[in-house]
Each structure stands twice: as C-alpha cells, then as structure tokens.
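Numbering (the working numbering), first residue to last: 20 to 98. Built from N, CA and C at the ideal position, the CB exists for glycine as well. To keep things clear, I will list the structure first and then write my remarks on it.
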C-alpha cells in the first residue's frame, strides 16, 4: 500500500493525494467528498495555500471484526 498523504506544491497551489481504506458498506463517493471538503478547508485555513486538487485513492476495504455470542448471550469480539 502507498503512503497515506502526498502533497505537491506548485507556486501557491497545492495538489494533495490521499490513500484511504474504507469500511465495508460505506458509500465511497460520499466519504470521498467529505474528505475532500474537510482537507481543503483545513489546508487553506491553516496555510493560506490554494488547494487545486485533492485526489482520493481507495486502497482497500476494511471489514468489521465479527462479534461472537457467548453461552450466556453476551457479545464478545473475536481476535
């Protein structure tokens, strides 16, 4: 897997590449749009740079750990 964040500076513009892993069942376009909005606002506010692009690359899908029911009916996380 590639590194998580790569930033390229071109004069006063920034191009940001993000590699993410999403949770199974997530709506990838919605997640990507929220990440782009949050990162753009944070970078422009903190640095004053103009963010020209934010590219999101989905590197994989994470599946939640299964829950196993015990004899007493309690739930426990399996390893």
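The continuous beta strand (DSSP E) containing residue 29 extends over residues 24-29. DSSP, read as helix, strand or coil, puts residue 55 in helix. At a Cβ-Cβ threshold of 9 Å, residue 35 and residue 77 do not count as neighbours. If the five residues before and after residue 25 are omitted, its C-beta is found closer than 6 Å to the C-beta atoms of 36, all from its own chain and listed in chain order. Residue range 69-81 is occupied by the beta strand (DSSP E) that includes residue 81.
Residue 43 and residue 56 have their C-alpha atoms some 22 Å from each other.
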